[in-house]
């Protein structure tokens, strides 16, 4: 048997074959593909009491088609990441019912009752009190468990080897961590940002700092990352009166610098704040960097006494967390910049009546986060930039 | 066919089977095993015009026997490292005629006309003008070629995955980068060093700095290393009037921080200097850190314009080299300390009539290199510590 592309009509049989559903006649299926890369189907029983999602990676980028080939092995990385998170934070990811490496397909929890965080924010809703706290905790739980603090040395080496992800890391290395600072056909921006885009390309200090962050991304094997932790990779909602946060789509997962996950989340939080400010809907946006950092730090410190390697002392923990903080700020800066003058932009800004003022503010903030990350030592210092 | 332990009598047939030698009746063999880990045989023709070495990794530590098992896969790491160096610095390693992964055996150049650098130094000889320069160049050539500067991103990820070396890295993580700073049954030292050994175990600042270097060793995937670059891993001599330097035994090779290779060499150079000072045979010992650094730096800078990834700018090169320098000093310090109060000591010191004064000086120097590495910015600053 070899890889086959699943169509809507294949899903009932597929779920029965794989042992997920006994009665294939009682399955209604609809395709709900939404992200750029993959196909997603929702299967549900006629009475609505049971449902599952099936996500398949195609051998190309879904929205581009076969002219942009992309190995479906990225689904292996996603399944591996879910398996690691499931050990330490099962409540913060969708339940995974099975992974089929042959077809690069995941069968997982139906989350259609939840809402993508970015969508909710774009509609003017606040983050609410739990979203950033749960996200920061997730990063702490995953990164601690897959660092040399939480995992035995030999097991870690095997994880590093199994988790290398050349194709998807290359996308980040190029699209996020170099193209916006050079002339590149991928780049585009609002014409009223011409001056800043040119300034950024000519800024030698900025270039060197981004080169540093890029090299760290390529060489710093601290822990397993989500790898693409933006507000479109988080679903939120209520279930039985409880606030639910589910982080999904970890297909960019690899063993890298912990600050990359936090930084991506912070960049998206800061951009959402610019949107809300522009629209006059500012509520709790300005607290999210601090809330996610505090949740990350306190969860990491809570886990510290359980470390497998007690040679690492408390003073080293302080130093390590400080470095994660600093690198997170830098990656936040690169993520903001690339989302405005790079390849893939954010609806947070593009759907504003006038995206220019918010985009200019965000770009300048991004630059400051990159070049001044060493001196910005608290969330309050970051607030002072705004 | 499966792994078999080669004995002296097996070597002629083995070399013929593997296609290295046609006439098996014309081979004289002697075992010359010397290091702790492996067996080495020298095969030569009756007329002395032809010779080869066969090195086999046993499934245990040779000097300890089967009671200390050790995967012979370490020979795979050695063969992989030789293959990488052969691409960029073939003149600085023994010629490799073949690797037999089944039997974990390398067939290689006979270097019995050369001398181990440590042996020569222990006999009171100087380094000579080429040894440290060639060694520094080798580190630059290997590390540049296997860094993100010299190797395409995807190929690098494959190298990282192929080169993980859990068992041998764990030895370094434990024996070099933690045990000397805690109570451990491996540790031993001259009784007149009791006070310093106790001081080092009680030194919180030292512990934190070593924890930092240790975490960097575990996470910083900068380039393929030799992994054990001490003066016992280098052979020197003259051939046809030319000075020859051959670095060998890269079985501890893995993708790690470049400074680890330089640091090990520097530690051994500094200890050799203490020996020479104690014996009154000091000659060029004090120049070797500077000579190897200058050779490393100038070769790395010479290669820089050939980098595959030009996003890395010249200012980033300066920053990268500065970090390599700083980490090298730290690793030099850890190597000195572990060789005096840790598991495996150096004949440089143990064979002195009174090893105590030189050992005390070296230990204190090692500590300074670790805790003050950030402020020691030139070879002259290091000299000033002595």
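Protein chains in written order, with the numbering used here: chain A, 507 to 892; chain B, 507 to 892. For every residue, glycine included, the Cβ atom is placed at its ideal position computed from N, Cα and C. These figures come from a predicted structure and were not determined experimentally.
**Q.** Exposed unless 16 or more other CB atoms sit within 10 angstroms - verdict on residue 824(B)
**A.** exposed
**Q.** Residues within the stretch 808-827 of chain B neighbouring chain A, beta-carbon criterion of under 8 Å
**A.** 817, 818, 819, 821, 822, 825, 826
Q. Near residue 624(B), which residues of its chain fall below 6 Å by C-beta distance, leaving aside the five closest residues on each side in sequence?
A. 737, 738
Q. When the cut-off is 8 Å and only beta carbons count, does residue 679(A) lie next to chain B?
A. yes
Q: Scan the stretch 562-601 of chain B and note each continuous alpha helix (DSSP H) run of 4 residues or more that stays entirely inside, going in chain order.
A: 580-594
Q. At a Cβ threshold of 8 Å, is residue 670(B) touching chain A?
A. yes
Q.
For a minimum of 4 consecutive residues, which ranges assigned as the alpha helix (DSSP H) are wholly contained in the stretch 731-801 of chain A?
A. 764-785
(Q) residue 844(B) and residue 681(B) - do their beta-carbons sit closer together than 8 Å? (A) yes
Q. So residue 562(B) packs on residue 595(B), CB below 8 Å; how close in whole Å?
A. About 25 Å; that fails the 8 Å criterion.
Q.
I want to know whether the stretch 706-718 of chain B touches the stretch 612-620 of chain B - three or more CB-CB distances under 8 Å.
A. no
Q | Integer Cβ distance of residue 832(A) from residue 880(A), believed to fall under 8 Å | A | 6 Å
Q: Whole angstroms is fine: what's the gap from residue 655(B)'s alpha carbon to residue 771(B)'s?
A: 23 Å
Q: Using 10 angstroms around the beta-carbon of residue 569(B), count the other beta-carbons present and answer buried if the total reaches 16, otherwise exposed.
A: exposed
(Q) Extract the residue ranges of the alpha helix (DSSP H) inside the stretch 691-721 of chain A, only unbroken runs of 4 or more that lie entirely within it. (A) 700-708
Q.
Considering Cα atoms alone, identify which of 698(B), 713(B), 764(B) is closest to residue 651(B).
A. 764(B)
Q. Does the separation of the CB atoms of residue 480(B) and residue 760(B) fall below 8 Å?
A. No answer is possible for residue 480(B): it lies beyond the span of chain B, which begins at 507 and ends at 892.
Q) By a C-beta neighbour count over all protein chains shown, 10 Å radius and 16 as the cutoff for buried, is residue 542(B) buried or exposed? A) exposed
**Q.** Three-state secondary structure (DSSP) of residue 532(A)
**A.** helix
Q. What's the call for residue 536(A), buried or exposed, on a 16-neighbour Cβ count within 10 Å?
A. exposed
**Q.** Element boundaries [beta strand (DSSP E), containing residue 615(A)]
**A.** 611-615
Q: Would you mind telling me which residues of chain A sit closer than 9 Å to residue 585(B), beta carbon to beta carbon, in chain order?
A: Within 9 Å Cβ-Cβ: nothing; residue 585(B) doesn't reach chain A, min ~18 Å.
(Q) So, for residue 636(A): in the same chain, excluding its five sequence neighbours on each side, which residues have a beta-carbon less than 7 Å away from its beta-carbon? (A) 749, 751
(Q) Rounded to whole angstroms, what is the Cα-Cα separation between residue 579(B) and residue 593(A)? (A) 31 Å
(Q) Give me, in chain order, the residues of the same chain whose beta-carbon lies closer than 7 Å to that of residue 607(B); leave out the 5 immediate sequence neighbours on both sides. (A) 582
Q.
If the criterion is Cβ atoms closer than 8 Å, does the pair residue 565(B) and residue 550(B) meet it?
A. no
Q: Quick one: residues in its chain with C-beta nearer than 7 Å to the C-beta of residue 790(B), no 5 flanking neighbours on either side, listed in chain order?
A: 632, 633
Q) Are residue 847(A) and residue 695(A) closer than 8 Å when you measure CB to CB? A) yes
Q | Outcome for residue 571(B) when other beta-carbon atoms lying within 10 angstroms are tallied against a minimum of 16 | A | exposed
Q.
Can you pull out the residues from the stretch 728-762 of chain B whose beta carbon lies closer than 8 Å to at least one beta carbon of chain A?
A. 728
Q | Neighbouring residues, chain A, relative to residue 692(B) (Cβ below 9 Å) | A | Simply none; closest approach about 14 Å.
Q) Are residue 769(B) and residue 836(B) touching if we call contact CB-CB under 8 Å? A) yes
Q: Starting from the C-beta of residue 803(A), find all residues in its chain whose C-beta is less than 7 Å away, skip the five residues before and the five after it, and write them out in chain order.
A: 827
Q) Using a beta-carbon distance below 8 Å, is residue 660(A) in contact with chain B? A) yes
Q. Grouping DSSP H, G and I as helix and E and B as strand, with all else coil, what is residue 820(A)?
A. helix
Q: Since I believe residue 776(A) is in contact with residue 871(A) (beta carbons under 8 Å), could you give me their beta-carbon distance rounded to a whole number of angstroms?
A: 6 Å
Q: Quick one: using the 10 Å Cβ neighbour count with 16 as the cut-off for buried, is residue 508(A) buried or exposed?
A: exposed
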